[in-house]
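Report on one structure; see the data block that follows.
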Amino acid sequence: MSRVARNPVVLPAGVEATLAEGHLSVKGPLGSLSQAMSNDVKVQKVENRLEFEAIGPSIQAKAMSGTFRALAANMVQGVSKGFERRLNLVGVGYRAQAQGDKLNLTLGFSHPVVHAMPKGIKVETPTQTEIVIKGIDKQQVGEVAAQVRAYRRPEPYKGKGVRYSDEVIVLKETKKK
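With the numbering used here applied, the sequence shown has no gaps in its numbers, which climb one by one up to 199 at the end.
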């Protein structure tokens with residue numbers, strides 16, 4: 023069995039999990055999330071924790087038990103605390119401005135870039151060069167952050183572009199004659 027699946031997911035106060043018809047639903051103070059379950063994984067709710075076990079000795083079942091444990095842990099953290107991803111803009115004239123569910127970006131193109139946020143995702147701009155993307159679904163927050171970063175990836179010579187706040191860019195040395 024996966025070593026990850028051996029650790030139960032503890033449900034904090036205010037979070038409740040429901041197992042029904044091949045779905046795991048987690049409800050908390052920030053919202054609710056649902057995940058379809060695999061036939062290879064057995065999930066049990068014991069007191070205030072979720073326990074995962076592989077059904078059968080197959081490699082697929084063992085792998086899926088750890089995967090579903092990690093997904094459930096992310097769901098529990100999402101509905102209780104939420105997730106956020108921070109992006110920084112590096113470059114002269116690069117700016118960001120949040121307006122409702124839209125993010126207006128000035129990234130050195132001849133036109134402004136407007137990125138519409140999907141449902142469940144909130145965006146903030148504490149400064150003109152900092153973007154904070156928040157939500158309860160970890161996968162969706164990461165996907166939106168990757169889409170925003172894809173408009174202007176950091177280039178390897180000056181490091182200009184949109185980068186994650188914890189990202190390290192290794193700069194190349196320019197060509198010498």
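Just so it is clear, CB atoms sit at the ideal spot from N, CA and C, and this is done for glycine as well. Source: prediction; values computed, not measured.
Host beta strand (DSSP E) of residue i (start-end)
{"i": "T128", "result": "124–128"}
{"i": "S279", "result": "Absent from the structure is residue 279, since the part of the chain shown begins at 23 and ends at 199."}
{"i": "F105", "result": "105–112"}
{"i": "V65", "result": "63–68"}
{"i": "V145", "result": "143–146"}
{"i": "S60", "result": "Neither: S60 is in no beta strand (DSSP E) and is coded neither H nor E."}
{"i": "E73", "result": "71–76"}
{"i": "Q150", "result": "Taken as a continuous stretch (DSSP letters only), Q150 belongs to no beta strand (DSSP E), as it is neither H nor E."}
{"i": "R117", "result": "117–121"}
Close Cβ partners of residue i (< 6 Å) along its chain, the five nearest in sequence each way excluded
{"i": "S56", "result": "H45, S47"}
{"i": "V136", "result": "K124, N126"}
{"i": "L93", "result": "Q57"}
{"i": "R171", "result": "V184"}
{"i": "K49", "result": "E38"}
Close beta carbons around residue i, own chain, < 7 Å, minus the five adjacent residues each side
{"i": "M59", "result": "G44, H45, L46, V65, F90"}
{"i": "G181", "result": "V112, I191, L193"}
Cut-off 8 Å between Cβ atoms - residues of its own chain near residue i, not counting five sequence neighbours on either side
{"i": "D62", "result": "A76, I77, G78, S80, Q82, A83, M86, S87"}
{"i": "E189", "result": "P176"}
{"i": "K68", "result": "Going by the sequence as given, residue 68 is Val instead of Lys. Around V68: P30."}
{"i": "A95", "result": "V31"}
Three-state class that DSSP yields for residue i in the structure shown
{"i": "K160", "result": "helix"}
{"i": "F131", "result": "coil"}
{"i": "A35", "result": "coil"}
{"i": "E195", "result": "coil"}
{"i": "Q169", "result": "helix"}
{"i": "G181", "result": "coil"}
{"i": "P176", "result": "coil"}
Interface flag, residue i vs chain D, CB-CB below 8 Å
{"i": "I153", "result": "In the displayed structure, chain D is absent; only one protein chain is listed."}
Distance between beta carbons of residue j and residue i, contact taken as under 8 Å
{"i": "A118", "j": "Q150", "result": "6 Å"}
{"i": "R174", "j": "L109", "result": "So it is not a contact: roughly 11 Å between Cβ atoms."}
{"i": "I158", "j": "A167", "result": "Their Cβ separation, rounded to whole angstroms, is 15 Å, which puts I158 and A167 out of contact at 8 Å."}
First and last residue of the uninterrupted alpha helix (DSSP H) at residue i
{"i": "G100", "result": "81–102"}
{"i": "V26", "result": "25–28"}
Assess, as a yes-or-no matter, whether the segment 98–108 is touched by the segment 161–169 under the definition of 3 or more beta carbon pairs within less than 8 Å.
-> yes
Between the segment 135–152 and the segment 73–90, do three or more beta carbon pairs fall short of 8 Å?
-> no
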